[in-house]
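Residue numbers 12 to 236, in the numbering used here, belong to the letters of the sequence shown in order.
Yeah, the Cβ is synthetic: ideal placement off N, Cα and C, and Gly gets one too.
In this text, all values refer to a predicted model and were calculated from it rather than measured experimentally.
One structure is given here, and the rest of the page talks about it.
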Amino acid sequence: MKIPCLAIAFSFLCSFGVSAQIGIVGSFQTFKAGDWEKLILQDLPNQSGLYPIYGYGIGIDYWFRLKKRRIEFTPELSYSHLDGSFDGITAKHDLLSFFFFTNVYPFDLASDCDCPVWSKEGNFFSRGFFLQLAPGASYLHSDTSEKDIFPDAGNNLILGGAIGAGLDLGLSDFLTVTPVARFYFYPKATWDNTAAPGNADTNIQQFFAGLKISFRWDRGKGFRR
């Protein structure tokens, strides 16, 4: 169900513009929710050890940029799955996310070349290094084996932001590989249907280490050479 959704989004994004660049992102991720951890482990002597949990993510993005400055935009749709266990207690989280990334190339900001990294002159680091910032939202599905506190799975829309940095490594005019690291933060995420007194709110932090492969082409001319 999730993979077809990504495929539909990919086809939709491909319909924009005369030239386009599509990226496919794979990642390793962590997930930490400190207040949920205290609730889940409240009957244990040690109320830490379940989080952070670990998992993977996959996403697609579409690229466009400003004409006169090296500021680029990559709206991204992604899916992540994370799970973990501690002392026989399990927790798992699935996220379907949309983030609108703005990438700023501080060492190449004045560049007006609308071309892949491989086509640019100069040092590869100054051409390819960028900082990124994004607002976004995720549909979060959460579940745990500790049913006394969370008898039902939680399904919530959570708002957050991300910061990160990456390095574009152009292999050709057609293909670019980009290692990227990010930190995601969601304030006051809620887990509905809890048996705990009060609101089961927590701040969620995620660390992300990923690799993106970007493909660029000109519509009507096929893949760019």
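Self-check item: 8 Å contact criterion, which Lys103 and Asp154 should meet: CB distance rounded
Solution: Translated into the one-based positions of the sequence shown, residue 103 becomes position 92. Translated into the one-based positions of the sequence shown, residue 154 becomes position 143. Contact holds; Cβ gap of about 6 Å.
Quiz item: Do you know how far the Cα of Phe136 is from the Cα of Leu180?
Solution: In the sequence shown, the residue the question calls residue 180 occupies position 169. In the sequence shown, the residue the question calls residue 136 occupies position 125. One C-alpha to the other measures close to 9 Å.
Quiz item: Cα separation between Gly165 and Thr201?
Solution: Numbered from 1 along the sequence shown, position 154 holds the residue referred to as residue 165. Numbered from 1 along the sequence shown, position 190 holds the residue referred to as residue 201. So the alpha carbons of these two residues sit roughly 8 Å apart.
Quiz prompt | Own chain residues within Cβ distance below 6 Å of Ser89, not counting five before or after | solution = Taking the first residue of the sequence shown as 1, we reach residue 89 at position 78. Counting only Cβ-Cβ distances below 6 Å, and skipping sequence neighbours, we find Gly68, Gly70, Ser108.
Quiz item: With C-beta atoms as the reference, is Gly60 less than 8 Å away from Phe112?
Solution: Residue mapping note: residue 60 aligns to position 49 of the sequence shown, counting from 1. Residue mapping note: residue 112 aligns to position 101 of the sequence shown, counting from 1. For the 8 Å CB-CB criterion, Gly60 and Phe112 do not form a contact.
Quiz prompt | Own chain residues within Cβ distance below 6 Å of Ala220, not counting five before or after | solution = The residue labelled residue 220 in the question sits at position 209 within the sequence shown. The answer, listed in chain order, is Phe39, Ala192.
Quiz item: Skipping 5 residues on each side, what residues in its chain have a beta carbon closer than 8 Å to that of Leu222?
Solution: On the sequence shown, residue 222 is found 211 positions in, with the first residue counted as 1. Here the set comprises Val36, Gly37, Ser38, Val188, Thr189, Pro190, Val191.
Practice problem: Evaluate Gly233 with the Cβ neighbour count: other Cβ atoms within 10 Å of its Cβ, from every protein chain shown; 16 or more gives buried, anything less gives exposed. | Solution: As a first step, residue 233 is located in the sequence shown; it is residue number 222 there, counting from the start. Legend: pLDDT at Gly233 = 46, less than 50; position of this residue unreliable, no value from coordinates given.
Practice problem: Could you tell me the boundaries of the alpha helix (DSSP H) in which Lys158 lies? | Solution: Along the sequence shown, read from residue 1 onward, the residue named residue 158 stands at position 147. Premise fails: Lys158 is in no alpha helix (DSSP H) and is neither H nor E.
Quiz item: What residues in its chain sit with their C-beta under 8 Å from that of Phe84, if we drop five residues either side in the sequence?
Solution: As a first step, residue 84 must be located in the sequence shown, where it is residue number 73. Taken in chain order, the residues that qualify are Trp74, Phe75, Arg76, Phe111, Phe112, Thr113, Asn114.
Quiz item: Can you name the start and end residues of the alpha helix (DSSP H) that Arg138 belongs to?
Solution: Position 127 of the sequence shown, counted from the first residue, corresponds to residue 138. Residues 135-139.
Practice problem: Spell out the partners DSSP gives Leu61 in its beta bridges. | Solution: Walking along the sequence shown from the start, residue 61 turns up at place 50. According to DSSP, Leu61 shares a beta bridge with no other residue.
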